[in-house]
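Chains A and B, in that order, are what the protein sequence lines are. Going by our numbering, the letters in the first sequence line up with residues 250 to 549, in that order. Going by our numbering, the letters in the second sequence line up with residues 18 to 381, in that order. Note sheet for the following structure.
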Amino acid sequence: MQDKTHSSYKQLEQKSKYTNMFLRWFLYFVLVIFALYFIFPLYVMVVTSLKTMEEIRQGTLLTWPSGLNFDSWLVAWGGRGYGAGDTFLKPYFWNSIKMVVPAVFFSTFIGAMAGYVLTKWRFKGDKWVFLFLLFGCFIPYQAILLPMARTLGVLGISNSVIGLVLVHTVYGIPFTTLFFRNFYVSIPSELVKAARIDGAGFFKIFFKILLPVSTPIIVVTIIWQFTQIWNDFLFGSTFSFGEAAPIQVALNNMVLSSTSVKEYNVDMASAIIAGIPTLIVYVLAGKYFIRGLTSGAVKG
Amino acid sequence: MKTLKIEELSKNFGSTEVLRKINLEIDEGNFLVLLGPSGCGKSTLLNIIAGLETINEGNVHIDDYNVSKVEPKDRNIAMVFQSYALYPSMNVRENMIFGLKQAKVSKEKIEEQLEKVSKFLQVDALLERKPSQLSGGQRQRVAIGRALVREPRIFLFDEPLSNLDAKLRVEMRREIKKLHQQLKTTVVYVTHDQTEAMSLGTNIAIMNHGVIQQNDTPENIYNKPSNTFVADFIGSPSMNLIKGNLKESSNKVSFITHGSNIEIPINGYDFKEKSNLDNKEVYFGIRPEHIFFKKSNDEDFEINLRADLSEYIGHEQIMTFNFENQEVLAKFPSTVKIDLSKNTKLFFDLTQISLFDAKTEERI
């Protein structure tokens, strides 16, 4: 390549400039296509929820609603106000909140504690404990349904929010432990040694030294657990019914039990309502997540 | 009374033996350096002294008191770590007083200690900062400060300088030396860096495979290494170990390397035991800095060797010579011009040599 003249380099430079430009535009094109593809179902849901049944029947999926009509949202949330057979989300929404908050809290806390013990303290059989916990991550939901139903029955908390809290906490522990273990592995054990020499005990080291630097992994765990538990249908539908059901189960009942006409607008509004909390968690926690990542630098 | 005494200490992790029958003593105010390659057990030994690791056999005494089963916080020690191990969520002040607060020391006393130490280490302007806002050297100082406020009987340092860049490391080394001169506290210091060990220690214990190879003053470690491991480990480049045999005739001892007829007279050598020397297989040890290009004293032995390689490193050059197919390295000032592939007249300073038994690898 030594005989390349100055002008041929110029040509190559021009050529690569055009190639780059083309690739860039192609990239944007692909990104836009994907964005549209992903936003399409949401668009249909929102638009449909704002239409009246009349509009739905006359227009197509994509037609813009005639106005901002939140009636179907109100129906989805609070019902129509007549007695029997009127299913609406409000009570089940609170069921889900009552289930998800303690379940996320306990599973995260226990996971943090377990991750701390598994990484910073040596005890006989610690490798086995970790292995079994890992194994817990691979057990399919369906496999634990029967033993869990029996357990809840024996404990006398079947068909209750407390029962669901227990199920989700137990099922979540392997995952949360794994998250925290992998995070704490990266934190130098010398911190724990220093604290031990300074006279801090087991809990003090955890609460004063490790927990304050765990923000990023706490947020990750909360997002994960919240999404899992809020969106869970199988445990909810198996271990609860009627009044104690979480929102996803209620949503299912609502959509399936409509007797006369399918009210697509109410169905769509309900589905959106059921999805909103996870969205909020992502938006709120995501911000803290990034902040936690950048400020949590342990080593320089 | 020994400040620190370790008796017959053994430690294993599962089936791997990490420390074997370690015996060590330190007098008040001494600076002991544990030196060795990675994996030699030096850090484990330090952790055991601190009480962070359990012992399988043997005992650790601090001030004649058996602390083998005493908690780290009650051993009257303080430790400085390689990664500094500053608590990331606390500022410098909180970091430094954390231990005192745990020990329920009175507020006034804590403030007094903090002020004294932070002034002494010149970190008093940094008290409100978080560790992440400090430079490497500052973190190091704070870590030392956190150890100092406890006023321990023994300071433990676990490779405290290896995270610093080369220039800062030399500075901090001097500061630690000064600190020790001023405070005269007993120190146990772990490092794999021989320069650090030599310049800081009043005593150096060289470890390999969980055994202390030699525990001596830096001078003796350098001049009279007790075995080939120590001879090889200390010095840069390390000591030349030339394999050969001893020859003893009419009370004269000399060294002959294989395949050569050059007899190096070693009558002046201080043998540990002057018997059965004839025909003994040995290593003849001479440091690169004790080979000269002109006569240095009357004991010098003149020899002609072929120069094979020259490594220029600024203030000096390292020359590789061929001595009956064994490499011999020598250190010369970089101003000396020596032609490669030609025989060069060299002088071995025979007052500085070491001899090792080729079988046991021990000094004879």
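A virtual CB, placed ideally from N, CA and C, is assigned to each residue, including glycine.
Open item on the list: Measuring alpha carbon to alpha carbon, tell me which residue in B:Val299, B:Lys359, B:Ile381 is nearest alanine 375 of chain B.
Closed with: Here residue 375 of chain B refers to the residue found at position 358 of the second sequence. Checked all of B:Val299, B:Lys359, B:Ile381; the closest Cα to alanine 375 of chain B is B:Val299.
- [ ] Below 7 Å between beta carbons is the criterion; list the residues of the region 104–121 of chain B that meet it against any residue of chain A, in chain order.
- [x] Tyr104, Pro105, Ser106, Phe115, Gly116, Gln119, Ala120
- [ ] Could you please tell me which residues of the region 323–340 of chain B, in chain order, have their CB closer than 8 Å to any CB of chain A?
- [x] Hits within the stretch: zero.
- [ ] Establish whether the CB of lysine 548 of chain A and some CB of chain B are separated by less than 8 Å.
- [x] Residue numbering aside, residue 548 of chain A sits at position 299 when the first sequence is read from its first letter. For lysine 548 of chain A, the predicted structure reports a pLDDT of 42, less than 50, and the residue's modelled location is therefore unreliable. The matter cannot be settled from this model.
Open item on the list: Looking only at its chain, what residues have a beta carbon closer than 8 Å to the beta carbon of valine 510 of chain A, apart from the 5 residues adjacent to it on each side?
Closed with: Within the first sequence, numbered from 1, the residue matching residue 510 of chain A stands at position 261. The answer, listed in chain order, is Met302.
Open item on the list: If the criterion is Cβ atoms closer than 8 Å, does the pair phenylalanine 488 of chain A and glycine 412 of chain A meet it?
Closed with: Translated into the one-based positions of the first sequence, residue 488 of chain A becomes position 239. Translated into the one-based positions of the first sequence, residue 412 of chain A becomes position 163. Cβ distance < 8 Å, so phenylalanine 488 of chain A and glycine 412 of chain A count as in contact.
- [ ] Grab me the residues of phenylalanine 432 of chain A's own chain with a C-beta within less than 8 Å of its C-beta, minus the 5 sequence neighbours each way, in chain order.
- [x] Here residue 432 of chain A corresponds to residue number 183 of the first sequence, with the count starting at 1. Answer for phenylalanine 432 of chain A: Gly364, Ser463, Pro465, Ile466, listed in chain order.
Open item on the list: Looking at chain B, is there any beta carbon in it that lies within less than 8 Å of the beta carbon of aspartate 447 of chain A?
Closed with: By 1-based counting over the first sequence, the position of residue 447 of chain A is 198. So yes, aspartate 447 of chain A belongs to the interface.
TODO: Kindly give me the distance between the Cβ atoms of leucine 250 of chain B and lysine 312 of chain B, rounded to whole angstroms, as I take these residues to be in contact under 8 Å.
DONE: As a first step, residue 250 of chain B is located in the second sequence; it is residue number 233 there, counting from the start. As a first step, residue 312 of chain B is located in the second sequence; it is residue number 295 there, counting from the start. It should be pointed out that residue 250 of chain B corresponds to phenylalanine in this sequence rather than to leucine. Contact doesn't hold; Cβ gap of about 30 Å is too wide.
Open item on the list: Is there a C-beta anywhere in chain A that falls below 8 Å from the one on lysine 90 of chain B?
Closed with: What you label residue 90 of chain B is simply residue 73 of the second sequence in a count that begins at 1. For lysine 90 of chain B, the answer is yes, since a Cβ of chain A falls inside 8 Å of its Cβ.
- [ ] Report the rounded CA-to-CA distance for leucine 190 of chain A versus arginine 430 of chain A, giving the unit in angstroms.
- [x] Because chain A spans 250 through 549 in this model, residue 190 of chain A falls outside it and cannot be assessed.
Open item on the list: Let me confirm a value: tryptophan 479 of chain A is counted as buried when at least 16 other C-beta atoms fall within 10 Å, else exposed. Which label applies?
Closed with: Counting from one through the first sequence, the residue named residue 479 of chain A turns up at place 230. Tryptophan 479 of chain A comes out buried.
Task: CB contact flag (phenylalanine 10 of chain B, aspartate 317 of chain B, <8 Å) - done: Residue 10 of chain B falls outside the range modelled here, since chain B spans only 18 to 381, and no answer is possible.
Task: Three-state secondary structure (DSSP) of alanine 449 of chain A - done: By one-based count along the first sequence, residue 449 of chain A stands at place 200. Reduced to three states, the DSSP call for alanine 449 of chain A is coil.
Task: Complete runs of the beta strand (DSSP E) confined to the region 283–344 of chain B [at least 3 residues] - done: Counting only runs of 3 or more, we get 298–303, 318–329, 333–340.
- [ ] Starting from glutamate 132 of chain B, follow the alpha helix (DSSP H) in both directions and report where the run begins and ends.
- [x] In the second sequence, the residue the question calls residue 132 of chain B occupies position 115. Here the alpha helix (DSSP H) through glutamate 132 of chain B covers 124–137.
Open item on the list: Taking CB distances under 8 Å as the criterion, tell me whether proline 465 of chain A reaches chain B.
Closed with: In the first sequence, residue 465 of chain A corresponds to position 216, counting from 1. No, no contact with chain B.
Task: Neighbourhood of histidine 78 of chain B by C-beta distance below 6 Å, restricted to the same chain and skipping five residues each side - done: For the purposes of this step, residue 78 of chain B is taken as the residue at position 61 of the second sequence. Cβ within range, chain order: Lys22.
Task: 3 or more residues per run - each beta strand (DSSP E) lying fully within the region 160–195 of chain B - done: 171–175
Task: Bridge partner(s) assigned by DSSP for threonine 361 of chain B - done: As a working mapping, residue 361 of chain B is identified with position 344 in the second sequence. DSSP output for threonine 361 of chain B lists B:Leu322 as bridge partner(s).
Task: Segment contact, 8 Å Cβ cut-off, at least three pairs: the region 42–54 of chain B with the region 190–208 of chain B - done: yes
- [ ] Go ahead and pull the three-state DSSP assignment for glutamate 379 of chain B.
- [x] On the second sequence, residue 379 of chain B is found 362 positions in, with the first residue counted as 1. Strand, per DSSP.
- [ ] Within 10 angstroms of the Cβ of asparagine 314 of chain B, are there 16 or more other Cβ atoms? Answer buried if so, exposed if not.
- [x] Looking up residue 314 of chain B in the second sequence gives position 297. Result: exposed.
TODO: Give a yes or no on whether the C-beta atoms belonging to methionine 189 of chain B and glutamine 211 of chain B are separated by under 8 Å.
DONE: Taking the first residue of the second sequence as position 1, residue 189 of chain B is located at position 172. Taking the first residue of the second sequence as position 1, residue 211 of chain B is located at position 194. Not closer than 8 Å, so no.
- [ ] For the beta strand (DSSP E) containing threonine 203 of chain B, list its first residue and its last residue.
- [x] Taking the second sequence and counting its residues from 1, one reaches residue 203 of chain B at position 186. Where threonine 203 of chain B is concerned, the enclosing beta strand (DSSP E) stretches over 203–208.
TODO: Would you kindly report the start and end of the unbroken alpha helix (DSSP H) that includes threonine 297 of chain A?
DONE: If you number the first sequence from 1, residue 297 of chain A lands on position 48. It spans 255–298 - the alpha helix (DSSP H) in which threonine 297 of chain A sits, taken as one unbroken run.
- [ ] Please decide whether leucine 51 of chain B counts as near chain A, where near means a Cβ-Cβ distance under 8 Å.
- [x] To locate residue 51 of chain B, count along the second sequence from 1; it is residue 34. With 8 Å as the cut-off, leucine 51 of chain B does not count as an interface residue toward chain A.
Open item on the list: Let me confirm a value: methionine 270 of chain A is counted as buried when at least 16 other C-beta atoms fall within 10 Å, else exposed. Which label applies?
Closed with: By one-based count along the first sequence, residue 270 of chain A stands at place 21. Exposed, by the Cβ-count rule.
Open item on the list: If you reduce the DSSP assignment to three classes, tell me which class aspartate 516 of chain A lands in.
Closed with: Numbered from its first residue, the first sequence carries residue 516 of chain A at position 267. Helix at aspartate 516 of chain A.
- [ ] List the residues of chain B whose Cβ lies closer than 9 Å to the Cβ of proline 207 of chain A, in chain order.
- [x] For chain A, the structure presents residues 250 to 549; residue 207 of chain A sits outside this window and is missing.
Task: Where the alpha helix (DSSP H) containing asparagine 108 of chain B begins and where it ends - done: Residue 108 of chain B sits at position 91 when you count from the first residue of the second sequence. No alpha helix (DSSP H) contains asparagine 108 of chain B, which DSSP labels as neither H nor E.
Task: Under 9 Å by beta carbon: chain B residues contacting leucine 440 of chain A - done: For this step, residue 440 of chain A is matched to residue 191 along the first sequence. Result: Phe98, Ser100, Ala102, Leu103, Tyr104, Pro105.
Task: Environment of lysine 90 of chain B [buried if 16+ CB atoms lie within 10 Å] - done: Mapped onto the second sequence, residue 90 of chain B falls at position 73. Burial call: buried.
TODO: Note down, in chain order, each residue of its chain lying with its Cβ closer than 8 Å to the Cβ of asparagine 83 of chain B, except the 5 sequence neighbours on either side.
DONE: What you label residue 83 of chain B is simply residue 66 of the second sequence in a count that begins at 1. Around asparagine 83 of chain B: Asn76, Val77.
- [ ] Find the residues of chain A that neighbour alanine 67 of chain B, judging by a C-beta separation of less than 9 Å, and give them in chain order.
- [x] One-based indexing of the second sequence puts residue 67 of chain B at position 50. By Cβ distance, chain A contributes Lys442, Arg445, Ile446.
TODO: Identify every residue that forms a DSSP beta bridge with methionine 224 of chain B.
DONE: The sequence position of residue 224 of chain B within the second sequence is 207, counting from 1. DSSP, once it has assigned bridges, lists B:Ile229 as partnering methionine 224 of chain B.
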